């Protein structure tokens, strides 16, 4: 009986050893495992690249609208020199472009170059929703701030 147990033990040990060697040499599923673990960061990087590209595109559009509003306000200010009319006109330009009235401000400011001249400064502040980040958080947004300056007097 003892010989039979010894033989059975040796057989099991050899069988386990053989399967373990075969298992450690088998590389058939490695690509699947590596691909599964790599997919998560790749999807994250792809969504980040899309969000950054969208952010730069929207920022360019916002800057263009701020420039148009500042130029319109400066031209109107050169005609009648009233700040309230200047700000109203800048907000109307932004409203036509689809902005909320509260997102736009226009005011006389000192020159950003440090000179003694005054400029008209139009600022657009707006929360921009992040579309792909909403998979993680439903309130994902990024604050967009754009300034535009027009020097006075306009000739």
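In my numbering, the protein residues as written are 43 to 197.
Even for Gly, the Cβ is constructed at its ideal location relative to N, Cα and C.
On a predicted model such as this, the values are computed, not experimentally measured, just so you know.
Distance from residue 161 to residue 193 at the Cβ level is roughly 5 Å; contact confirmed, criterion being Cβ atoms closer than 8 Å. Per DSSP, the unbroken beta strand (DSSP E) holding residue 193 starts and ends at 183-193. Residue 115 sits close to residue 131, with the two beta carbons spaced by under 7 Å. If you ignore the 5 residues before and after residue 113, its C-beta comes within less than 7 Å of the C-beta of 192, all in its own chain and listed in chain order. Residue 139: not part of any alpha helix (DSSP H); DSSP gives it neither H nor E. Per DSSP, residue 101 lies in no beta strand (DSSP E) segment; the continuous alpha helix (DSSP H) that holds it begins and ends at 72-122. For residue 162, the enclosing beta strand (DSSP E) stretches over residues 160-171. Looking at the DSSP output, residue 150 shares a beta bridge with 162.
Between residue 174 and residue 92, the gap from beta carbon to beta carbon is short of 7 Å.
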